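Taking it in order: structure first as structure tokens, then the write-up.
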């Protein structure tokens, strides 16, 4: 049997082998983790504070277990860093009402587990903080991916909590929670926000409220007034105040990454819940004075409800779910509900809050708004990819930018959403890359055409530095690696039984496979290493042949 005498050659082979084996094992782990038992009873208890779908999504994407993570909800620690949330080691601290940052912070835990996070500045109190923009962008993208890994199982992170059986059995698809009104709401946003890209945040917010009040008016519900405040405490980032019949919103929500349309529609649904509870009591022939006194709602709202045909606005089939809301807020569940809402920082209370019938309903409706907006984005992407006219592409891309901004509620975050959407083009390019062995004729032309269209789109939205794939370089790299592999196989013929030569060829092929997967992300450093390593392994083959010949002479 042939063996390796040269230590440098042996160490290089072992290093490459470990690198490739590590990647292979990690990839296999990811696939195995996705093959979870169907029975909930067989699953390991999740005591981390992470919603099940987020925990599983993060683990599937990273290959790291999140069992040691601890989420601290309603934490006062982020305020000390002038932040909404932060991750330190395996601890995630989330300020009150800032749960939307959980996916982002969960991926920061992964980055720390990978040893990639180093302090870049020091806050007061000698607290080391990393503010690397690349890691922040990655956390946004991967956090979003994590909660969409199992999209068939969950529609929205915020509603993926265990719900009481008596809640899920009720029919709540009425009023604002119908395809008709959700569709009309999202469609009207386009019209009301047109030309307001550069307008102040409150102007955009008011435009959104016009769309919401249009739907409330159609349904014969009282319209809402919106008030911006600095800090809402335990009320979160937005709150429907049934005592004043106004929607309060934390002004910070206007300048951070937030699903504004979702949030506003969620709170509008709460106003519908309360209005229907009023109608239910009117149908029981209760006096307006009693309703105002016991429900703490404005007299003018009750008087407006008395002018309506209660049977039409609150049909019989809705009674059961509305009665459940009333029982939770004003009936037998009142004491427990108030205890939960005033002590959200107590372990287990946040999940109890999410399980309140009125919250389950509102989160579900808000989540549907997000899905409706995302569908519009995806439809536009299809239009872009199917279009052959550059003017059509440019017009569609402009609309896509609009919907991305609307979904995120922040112009500065729109590009990051587009990064995710444009990754669809990368899938097409990756398929074509498999044709690299035949870089002539139709295959080459198709390859260049697709990549050119893709790069045009990137340029239009100012993303060329982030996303563009350098096709001439990629084709040149494949040519170099193909040639190295061809030469390596020729050299193997010199000593066909040489084990070292056989292993070196395996590693050349593995490096090419690694390049094929990593250049698309893109990871230029890893891609360049893959090209370099094929040439280095080719040189090592010469050394191995020389050593084998010397051994034969000895």
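In my numbering, the protein residues as written are 754 to 1307. Even for Gly, the Cβ is constructed at its ideal location relative to N, Cα and C. Source: prediction; values computed, not measured.
Determine the DSSP secondary structure at residue i, reduced to helix, strand or coil.
i            : result
residue 825  : strand
residue 976  : coil
residue 1126 : helix
residue 893  : helix
residue 820  : coil
residue 954  : helix
residue 928  : coil
residue 966  : helix
residue 922  : Low confidence applies here, because residue 922 scores a pLDDT of 41, under 50, leaving its location unreliable and the question unanswered by this model.
residue 907  : At residue 907 the pLDDT is 34, less than 50, meaning the model places this residue with poor confidence; the figure from the coordinates comes in the next sentence. Here residue 907 sits in coil by DSSP.
residue 803  : coil
residue 1253 : helix
residue 1022 : helix
residue 730  : Nothing can be reported for residue 730: it is not among the residues displayed for the chain, which extend from 754 to 1307.
residue 1260 : helix
residue 1099 : coil
residue 1246 : coil
residue 1108 : coil
residue 1085 : coil
residue 1308 : Any property of residue 1308 remains undetermined from this structure, which presents the chain solely from 754 to 1307.
residue 851  : coil
residue 811  : helix
residue 698  : There is no way to answer for residue 698, as the model of the chain reaches only from 754 to 1307.
residue 971  : helix
residue 1031 : helix
residue 935  : helix
residue 900  : coil
Based on DSSP bridge pairs, tell me the residues matched to residue i.
i            : result
residue 1000 : 979 and 993
residue 846  : 825 and 839
Just checking my contact of residue i with residue j at CB under 8 Å: how many whole Å lie between their CB atoms?
i            : j            : result
residue 859  : residue 848  : With a Cβ gap of about 16 Å, residue 859 and residue 848 do not count as contacting.
residue 1238 : residue 1265 : 7 Å
residue 962  : residue 977  : 7 Å
residue 979  : residue 1002 : 6 Å
residue 815  : residue 894  : Incorrect: roughly 13 Å between the Cβ atoms, too far for contact.
residue 1290 : residue 1260 : 6 Å
residue 1283 : residue 1251 : About 24 Å; that fails the 8 Å criterion.
residue 1093 : residue 1030 : Incorrect: roughly 19 Å between the Cβ atoms, too far for contact.
residue 1314 : residue 802  : As displayed, the chain neither begins before 754 nor continues past 1307, which places residue 1314 out of reach and without an answer.
residue 838  : residue 854  : 4 Å
residue 968  : residue 995  : No, residue 968 and residue 995 are not in contact; Cβ-Cβ is about 19 Å, not under 8 Å.
residue 1033 : residue 992  : Wrong, their Cβ atoms sit about 23 Å apart, outside the cutoff.
residue 1085 : residue 1109 : At roughly 13 Å, the Cβ-Cβ gap does not stay under 8 Å, so residue 1085 and residue 1109 are not in contact.
Is any heavy atom in the ligand SAH found nearer than 7 Å to the beta carbon of residue i?
i            : result
residue 1249 : Ligands are entirely absent from the displayed structure, and the ligand SAH is therefore not among its contents.
For a cutoff of 8 Å on Cβ pairs, would you count residue i as touching chain B?
i            : result
residue 1247 : In the structure shown, chain B does not exist; there is a single protein chain.
> Contact between the region 832-846 and the region 928-942: three or more CB pairs below 8 Å?
Replying inline: In this structure the region 832-846 does not touch the region 928-942; the number of beta carbon pairs closer than 8 Å is below three.
> Between the region 824-839 and the region 1096-1112, are three or more C-beta pairs nearer than 8 Å?
Replying inline: Between the region 824-839 and the region 1096-1112 there are three or more C-beta pairs closer than 8 Å, enough to call the two in contact.
> Does the region 1049-1059 come close enough to the region 1113-1124 to have 3 or more Cβ pairs within less than 8 Å?
Replying inline: Flag = no, the region 1049-1059 and the region 1113-1124 do not touch.
> Would the region 1030-1039 and the region 949-968 be scored as touching if the rule is three or more Cβ pairs under 8 Å?
Replying inline: No, they do not touch.
> Is the region 1016-1023 touching the region 1116-1125 in the sense that three or more CB pairs, one from each, lie closer than 8 Å?
Replying inline: With three or more CB-CB distances shorter than 8 Å, the region 1116-1125 counts as touching the region 1016-1023.
> Which ranges does the alpha helix (DSSP H) cover as unbroken runs of at least 4 residues, wholly within the region 1038-1068, from first to last along the chain?
Replying inline: Under the rule that a run must span 4 or more residues, the alpha helix (DSSP H) segments found entirely inside the region 1038-1068 read 1041-1048, 1052-1059 and 1063-1066.
> Counting pairs of beta carbons, one from the region 1226-1235 and one from the region 1248-1259, are three or more of them closer than 8 Å?
Replying inline: No: the two stretches stay apart, fewer than three of their Cβ pairs being nearer than 8 Å.
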